[in-house]
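Undergrad: Protein chains in written order, with the numbering used here: chain C, 1 to 341; chain A, 1001 to 1341; chain B, 2001 to 2341; chain Y, 3001 to 3341; chain G, 4001 to 4341; chain X, 5001 to 5341. My structure is below; once you've seen it, I'll send some questions.
There are 6 protein chains.
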Amino acid sequence: MSKKVVTFGEIMLRLSPPGYQRLVQTDSLDVTYGGGESNVAVSLANYGMQSYFVTKVPQNPLGQSAVNHLRRYGVNVDHTQWGGERLGIYFAETGASQRASVVVYDRANSSIAGIKPGEIDWQTAFAGKDWFHFTGITPALGDDATAVTLEAVKAAKAMGLTVSCDLNYRKKLWSMAKANQVMSGLMEYVDVAVGNEEDAEKVFGIKAQDTDITGGKLSDTGYRQVATQLMERFKLKYVAITLRESFSASENGWSALLYDGQQFVKSREYKIHIVDRVGGGDSFCGALIYALLADYTPQQAVDFAVAASCLKHTIPGDFNHVTLAEVEALAGGDGSGRVQR
Amino acid sequence: MSKKVVTFGEIMLRLSPPGYQRLVQTDSLDVTYGGGESNVAVSLANYGMQSYFVTKVPQNPLGQSAVNHLRRYGVNVDHTQWGGERLGIYFAETGASQRASVVVYDRANSSIAGIKPGEIDWQTAFAGKDWFHFTGITPALGDDATAVTLEAVKAAKAMGLTVSCDLNYRKKLWSMAKANQVMSGLMEYVDVAVGNEEDAEKVFGIKAQDTDITGGKLSDTGYRQVATQLMERFKLKYVAITLRESFSASENGWSALLYDGQQFVKSREYKIHIVDRVGGGDSFCGALIYALLADYTPQQAVDFAVAASCLKHTIPGDFNHVTLAEVEALAGGDGSGRVQR
Amino acid sequence: MSKKVVTFGEIMLRLSPPGYQRLVQTDSLDVTYGGGESNVAVSLANYGMQSYFVTKVPQNPLGQSAVNHLRRYGVNVDHTQWGGERLGIYFAETGASQRASVVVYDRANSSIAGIKPGEIDWQTAFAGKDWFHFTGITPALGDDATAVTLEAVKAAKAMGLTVSCDLNYRKKLWSMAKANQVMSGLMEYVDVAVGNEEDAEKVFGIKAQDTDITGGKLSDTGYRQVATQLMERFKLKYVAITLRESFSASENGWSALLYDGQQFVKSREYKIHIVDRVGGGDSFCGALIYALLADYTPQQAVDFAVAASCLKHTIPGDFNHVTLAEVEALAGGDGSGRVQR
Amino acid sequence: MSKKVVTFGEIMLRLSPPGYQRLVQTDSLDVTYGGGESNVAVSLANYGMQSYFVTKVPQNPLGQSAVNHLRRYGVNVDHTQWGGERLGIYFAETGASQRASVVVYDRANSSIAGIKPGEIDWQTAFAGKDWFHFTGITPALGDDATAVTLEAVKAAKAMGLTVSCDLNYRKKLWSMAKANQVMSGLMEYVDVAVGNEEDAEKVFGIKAQDTDITGGKLSDTGYRQVATQLMERFKLKYVAITLRESFSASENGWSALLYDGQQFVKSREYKIHIVDRVGGGDSFCGALIYALLADYTPQQAVDFAVAASCLKHTIPGDFNHVTLAEVEALAGGDGSGRVQR
Amino acid sequence: MSKKVVTFGEIMLRLSPPGYQRLVQTDSLDVTYGGGESNVAVSLANYGMQSYFVTKVPQNPLGQSAVNHLRRYGVNVDHTQWGGERLGIYFAETGASQRASVVVYDRANSSIAGIKPGEIDWQTAFAGKDWFHFTGITPALGDDATAVTLEAVKAAKAMGLTVSCDLNYRKKLWSMAKANQVMSGLMEYVDVAVGNEEDAEKVFGIKAQDTDITGGKLSDTGYRQVATQLMERFKLKYVAITLRESFSASENGWSALLYDGQQFVKSREYKIHIVDRVGGGDSFCGALIYALLADYTPQQAVDFAVAASCLKHTIPGDFNHVTLAEVEALAGGDGSGRVQR
Amino acid sequence: MSKKVVTFGEIMLRLSPPGYQRLVQTDSLDVTYGGGESNVAVSLANYGMQSYFVTKVPQNPLGQSAVNHLRRYGVNVDHTQWGGERLGIYFAETGASQRASVVVYDRANSSIAGIKPGEIDWQTAFAGKDWFHFTGITPALGDDATAVTLEAVKAAKAMGLTVSCDLNYRKKLWSMAKANQVMSGLMEYVDVAVGNEEDAEKVFGIKAQDTDITGGKLSDTGYRQVATQLMERFKLKYVAITLRESFSASENGWSALLYDGQQFVKSREYKIHIVDRVGGGDSFCGALIYALLADYTPQQAVDFAVAASCLKHTIPGDFNHVTLAEVEALAGGDGSGRVQR
């Protein structure tokens, strides 16, 4: 029987100018919805798992549309809290070549940021579930959101779920000091941590040596040190680190390593021609959770997760609209892009 | 030399589904910008007046785009304050037949709502200007906005500008009691008041008798009473009341009456097939201010203002993209809609 | 606790040229999904009932998208059969004025048309449910589809569900003779029948007298006779007849009458400015089922159902994207279409 | 065997803002191609006649696209002259309600305006053809264009083709005096003249009495006088006059009368909800030529032509994308606009 | 005088999500029409040859639109058979980077698949023509289509036309065994065979040695063996093989070799940044036929054909919208892509 | 206080097919406005300078829209002359890979081409300004335009403005001989000259040795010789040369060198994945003028200008929609394209 995964966080209205237009040029915005944890939930539903997304949205057509968007892609939203002020919004311009993609957040005072401890019935939400996933964004939304996240991880742990966290540091939401303090508390309940090439440093001050991120140079050795420190400090089962080499907004190198406390396994590295880079890390998390729940070996798991997230970079919007078969084909080695008739 | 008019208020990002789609259906939103006072400023610029819009917008691509949109249509934005949290947004669905248009506001915590007394240098803003216009929406944005509006009307009055106010009651922004209290204070400085068929009642409790608004029946007599009471209570020079008969979301009757303390003049009534009804009242105000500054007779003024606003109902977006010649042609009697080659 | 309704039938990919373009002009097609029974299911979900749609779709991105479209609007699709040849398609041009809307069907050999008796586990599908709805389109898809529909109505009846049928005669799918034979057999299990101004005649030869449909003249008396004959012949609880006066493709009169064996109740008649007329009858059925399950009086039920379907005519696509509150407001008398802010 | 009709004139690139946008708002323009004589050619091809369009276009992608657009709809373009400066362009805004549609011409110095006498081999172009049609626009393009038009009508007459002319006065192209002089010379060769409610007056000073065009009042009597005078002055076989009552840009009355020298026959009058009014007169001409070539009676001919052009008003673009069957259905009396499934 | 080429096969409605969207995301589909043989016909018309496309389409707006699309681009469609069930459809997603383009066929039961021997009057269709081209797709549509293709090649051969065949193996349409049997029969009448890097193996079991197609490694030697075997087995005049190195869905290597029984000539190899890869092989065939009919040397012919098809990869849709001059410029060595002003 | 720059020239309506479509395919055109000198004006406004654009446009919605487009992006248009025949138009197809972008001009007889000496009051236009910029396109529009340009440079020089010229040779507008003659006269008044890799040769016959432009090979040495000759011949303060290596329409190398009479400074070279290449050179000029007015060192200036124009290649339309901060970030070395959140 398929495994059940719960994620918790914010879903936002995402508004993007068509093509490569900038916000100051456009008179039309493409509408999708997304957010770290909802993106993970959609990935899991795509692979055939039962996925649940817990959030709070306003009782208006925008809140309804966000929920509808999740339902459309197979995510269970029965635990949605309705109410609060507004749906968070983010504006996303797609960059190209030397011009970076730009994200303008308009997420303050969202319904989920205003959620209060006790609003979510975690006992019900977690009953019969296998896994709980959250990211560093949710507690960063404010003290109430931190408190509710803490409720969640405690309940999940108590009820026997595996808990995973994508560190996902957002400098516009909180300071590094505050992040360190809050996240350190939450990590106590976490089994699987995922981070990218700068999260560990920004959140916990754990730095990869000999690595120049903006310059696009990554050092394996450095990241092994990071993974080791994370695992030791927080008694984790797995640490995964995604490694992005940003040659330009149009072209990235993409790979990851996974550490289970015994060995480091590294994925194949993809050179990606980018369509939409947002949600790349989330698609990695979704696929990694799937792979670990499906009892893949560490090597299989990291290969699957990197292949899945490689494909995400070619799909517009936050969500990773791929099938299990498509990910497996790429993980199995066929990246030729030949037409599938 | 052309007259100079200043308006003050909020400009919002307006997001509308294409055609007659509802928000829950759409995956694209048409982008324009609008708001009562900015709409008036654009109308005045279209007629060749020098129009100035004073506001506060955030220092991001959305604030820049709002300002750009005003510049595009000839409004001077040199007095813009940059800063604050966010640009207000509103979502506007276009209704049809028995389905009403729906406006979903997401304007709380906007930069303009957070403006503080003293931020605007009204002495500079009003130097050499002829007219100041505001609406009941601006003071409804909060106590700070009320205080700044009061600064503005006092300064305008002291500096010899004519002051006009469109009552524009918005029930989502404040209660009738609060509106009555605040607006009564502001009206002390007002020379010209404009309202629609329900504003006077909602704001000041002045009610048109024998009139059933939702049912679409309007009584001239009732509205003359309203105009008389407004004029007496606030010592006004002119009171204008727009009269909308809402047969359906697709078809409205539209006319107005103007009272100068001596006689009531009533415009021709148009039966309008509606394209976009938002901004109808604002286009009336813009045209009325133009006509009064251009020394039209009361009858000419109300005819011009109703013709202008009749045309607005046929144009997508908040702004009234018409030329002086087009308004004059309609006010002069040609509503045949024959192709202009 | 909310009631549970099951519908069964075909969902198709609907492709429409934007605006008023004709198929021979367009180089883009708007994508939605629809079909009589799925449209009913969406209406019920909108009103807060638990609605289930049973169908068969191909295992490809089009079948998946059809299912996703239903999930998006809250319909449970757990009983979907996956397989078969293809998803049925229909092309829909929107007419205007004297130019009729045109539907081009490309639905032959669809997965649902090829469904075999025994494929659906009706025991499971109907367990704990309150109502089953189908239309005359499903059995018209072929002998297998007829057989499965017969399975369904028998099981529904045996399990205590109320059964409703929208006659929905489609001349491109079968002859009147065949329809009469098949539908007569199915009607044996039906409690509530719905038809438009020509279905009863085309399917059962029951004709409204003194009525010229194409000419747009409808006679109440004639339709009462039709309702009476249907009720007597098939021992029904309710007969509802929708009455469309087609002044043009842009403007219709719309009303209905409902007969419970004792009295005839007639709704208010709406004069509708049409945006998209397809799905009008389905939205009537969905709202009628809701009203009857919610124990509305016959007058309330027909008023609710006609108001709901009046609104549908203003919404693009097959589905009726309205809320319970919106329908109630119109049924309660407010058809003024004034902006809802 | 199907009849062969030749038309001669200008085809332009037509650029229109989407929906009801004005030119100053739009950042996208819908592309079609059109022009009086090409529109007639397309109508004839739609009805199954062999239609030929003679023109001159520049040797660039725009000239190629104009030709392609005609080929697409079945018009033979083998006699196209390639060369000259540019393709004429016109910008067309769609009006609504009291706001008129606006056409902005940018057609000066087009390839066809620069055509020289002798460029077209009329002997070849007319060999085996039955009918030649032109409009008052072509000679108005300049003296060269006038000279070539004169070549054409002389050759057509000499070769036994029936010659028709749509007067189509364009005040931006020439004065009434010039039009009178040139058109009087051309009419010598014309058998069938078509005009609207103001052409005869503007071109030949023949005025309908008791008629107020802008006010939308038309008098049958007046138009009969116009038709009689045209016929007598130019020894015509048929005179057709289209009668437009312009209630607004959204709603027109539309009918026509046809005079064969013996009796006046008047069509049914349609009240049209307008989608795109441009090309209305051309679609009348195309249908009238078809009907006369197909030996319809005068009453059948005018009914067919008015039904065809009624439908044109509901179709975006210049061309009348209807089938023979659709026109016949409307001419036969079915204007109910009921969905054709 | 320009040469005349006939092609025969299926034209389908092609529906593609805009940009890089996947089918499960889109709510709009771009419309074009295409198919192997029609694509070749359009190429030939672009180069100034007289090209004819023979097919069967349904008598509905979709069949009409397919025919219109060919007429638009200059293809003669006088031999179209009208009738049958439906127009075949294919859905085409554009891939990027490691994500392959996906084609979903919905072509079963199309009108052309149901064509019967004797329906096409090949004597008339081939009278005065120089060349006949078909692909391996047409006989794969079913036994009737095979029989009609056999009629065609026999008639063509008997009437002295050169016959070319693009092997074009489609695994969804038939098995390798069936393809081998049918194609072997047809090849008896073929003069010029074209295949890609896997057709010869899939259809005739003729395999390039030392070549790993999915891995993107191609061996010249291997392909020379393939060409030699094909020529010997079927007594051909020319064998052309296109060589695609699929680095990713965004980037391919593209070249070809041509064998005339005496020497192997190889084209320049292009590294292509792909816009739309579908129709690449067809554009090669069209250009090759042109070049051979225009008496190019083998080297000129293969260079022209590869340059033409290189350009096709940069153009959306199936058809190769290029001019003779553009192909010659690239074949002549200018691939710099500098702006042509 | 911010510096004031005046530019003078033509602004055109730019019409582009969406995406990579060709003109013969499209039925929609994206609308922007642009032209060499207006593009420079927009760049300067973006960096916070006061920029003024002097031109002449027709008094119609297209002229108005061109002016509006400049106002939108902060350019002062108070010196616009209204009148003349038409707004120039250019059609721009976006190329890809080996397919070049194509520009089709339709600019003859534009209002600005018809401007007469004396129409512009240069004394007023230049009062209080710091810099005047023009390009080789303006004098190429005709003898009148040449005369007015000569008026401008003389007045600018006399009033103490720095004068810059982008050579910008356009072979469709004039011959090399004519260009040489006219431009030599104008250069007498120029302080700063900008050219690309072929302008100096085409206009003045000054050729870079050892350089094959179409083949994409550039030699530093050669360009130093060109710069030296230009400086000596025209007594310039600065000569800047942009160096484009056109690998394909999708990928270019981009750099520049700046010579101040003493030293040659060369920028970093960017390898650009191109979105829209039109306006690349103009964005270089705008940034260079900014940098020189802001007293950057030569190295800083050329680095800033090349970074700015590198970014332009990633933005649709003629204008360079970037902020000062974005250019500085790239000039400072961050070309990683990492998402800016």
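Even for Gly, the Cβ is constructed at its ideal location relative to N, Cα and C. From a predicted model like this one, the values you see are computed outputs, not experimental measurements.
Name the one or two DSSP bridge partners that lysine 3967 of chain G has.
TA: Lying before the first or after the last residue shown, residue 3967 of chain G is absent from chain G, which here runs from 4001 to 4341.
Undergrad: Of the choices C/Arg22, C/Gly95, C/Glu328, C/Ser248, whose alpha-carbon is the least far from that of isoleucine 272 of chain C?
TA: When only C-alpha atoms are compared, the closest one is C/Ser248.
Undergrad: Would threonine 5080 of chain X and valine 5040 of chain X qualify as a contact pair, given that the criterion is a beta-carbon distance under 7 Å?
TA: No, the Cβ-Cβ distance between threonine 5080 of chain X and valine 5040 of chain X is not below 7 Å.
Undergrad: Could you work out which residues of chain Y lie near valine 5024 of chain X, taking near to mean beta carbons separated by less than 8 Å?
TA: Under the 8 Å cutoff, chain Y gives Pro3061, Gln3064, Ser3065, Asn3068.
Undergrad: Under a Cβ-count criterion, where at least 16 other Cβ atoms within 10 Å of its own Cβ denotes burial, should glycine 2205 of chain B be classed as buried or exposed?
TA: Glycine 2205 of chain B is exposed by the Cβ-count criterion.
Undergrad: Would you check if the distance between the CB atom of lysine 2312 of chain B and the CB atom of serine 2336 of chain B is smaller than 7 Å?
TA: Their beta carbons are not under 7 Å apart, which means lysine 2312 of chain B does not touch serine 2336 of chain B by this criterion.
Undergrad: Taking a Cβ distance cut-off of 8 Å, strictly less, list which residues of the stretch 4085-4104 of chain G are near chain C, in chain order.
TA: So the list reads Gly4095, Ala4096, Ser4097, Gln4098, Arg4099, Ala4100, Ser4101, Val4102, Val4103, given in the order they occur along the chain.
Undergrad: For the beta strand (DSSP E) that valine 2192 of chain B lies in, which residues bound it at each end?
TA: It spans 2192-2195 - the beta strand (DSSP E) in which valine 2192 of chain B sits, taken as one unbroken run.
Undergrad: DSSP on alanine 1045 of chain A, reduced to helix/strand/coil?
TA: It is helical.
Undergrad: Do tyrosine 3033 of chain Y and alanine 3066 of chain Y have their CB atoms nearer than 7 Å?
TA: Their beta carbons are under 7 Å apart, which means tyrosine 3033 of chain Y touches alanine 3066 of chain Y by this criterion.
Undergrad: So, is the C-beta of serine 4255 of chain G closer than 7 Å to a C-beta in chain C?
TA: With 7 Å as the cut-off, serine 4255 of chain G does not count as an interface residue toward chain C.
Undergrad: What's the gap between the Cα of leucine 173 of chain C and the Cα of lysine 116 of chain C?
TA: Cα to Cα, leucine 173 of chain C sits roughly 19 Å from lysine 116 of chain C.
Undergrad: Residue range of the beta strand (DSSP E) that threonine 228 of chain C falls in?
TA: Careful: threonine 228 of chain C lies outside any beta strand (DSSP E), inside the alpha helix (DSSP H) at 220-234.
Undergrad: Just checking methionine 231 of chain C against the ligand FMN - is the residue's beta carbon closer than 6 Å to any of the ligand's heavy atoms?
TA: With respect to the ligand FMN, the structure offers nothing, as it holds no ligand at all.
Undergrad: Residues of the stretch 1306-1317 of chain A with a CB closer than 8 Å to any CB of chain X: list them in chain order, please.
TA: Correct list: empty, as no residue qualifies.
Undergrad: Can you name, in chain order, every residue of its own chain whose Cβ lies under 6 Å from the Cβ of phenylalanine 3264 of chain Y, other than the five neighbours on each side?
TA: Excluding residues within five positions, the ones whose Cβ falls inside 6 Å are Arg3224, Leu3257.
Undergrad: Would you give the residue range spanned by the alpha helix (DSSP H) that glycine 1063 of chain A belongs to?
TA: Run containing glycine 1063 of chain A: 1061-1072, per the alpha helix (DSSP H) assignment.
Undergrad: Does the pairing of the stretch 1052-1062 of chain A with the stretch 3003-3019 of chain Y give three or more beta-carbon distances under 8 Å?
TA: No, because fewer than three Cβ pairs between the stretch 1052-1062 of chain A and the stretch 3003-3019 of chain Y fall closer than 8 Å, the two stretches do not touch.
Undergrad: How about the stretch 2122-2130 of chain B and the stretch 2098-2113 of chain B: do they share at least three Cβ pairs that are nearer than 8 Å?
TA: As far as the Cβ criterion goes, the stretch 2122-2130 of chain B does not touch the stretch 2098-2113 of chain B, which means the pair count is below three.
Undergrad: Are tryptophan 254 of chain C and arginine 268 of chain C touching if we call contact CB-CB under 7 Å?
TA: In this structure, arginine 268 of chain C does not lie closer than 7 Å to tryptophan 254 of chain C by Cβ.
Undergrad: Apart from the five residues just before and just after leucine 2044 of chain B, which ones in its own chain have a Cβ nearer than 7 Å to its Cβ?
TA: If we look at leucine 2044 of chain B and ignore the five residues flanking it on each side, its Cβ neighbours are Val2005, Ser2051, Gly2286, Ile2289, Tyr2290.
Undergrad: Should alanine 3158 of chain Y be labelled buried (16 or more other beta-carbon atoms within 10 Å of its own) or exposed?
TA: Label assigned to alanine 3158 of chain Y: exposed.
Undergrad: What three-state label does DSSP hand alanine 4274 of chain G in the structure shown?
TA: The question names alanine, yet the displayed sequence has isoleucine at residue 4274 of chain G. Coil, per DSSP.
Undergrad: Based on Cα-Cα distance, which residue from X/Gly5280, X/Trp5131, X/Thr5297 lies nearest to serine 5002 of chain X?
TA: Considering only alpha carbons, the answer is X/Trp5131.
Undergrad: Buried or exposed: which applies to lysine 1266 of chain A, given that a residue is buried once 16 or more other Cβ atoms fall within 10 Å of its Cβ?
TA: So lysine 1266 of chain A counts as buried.
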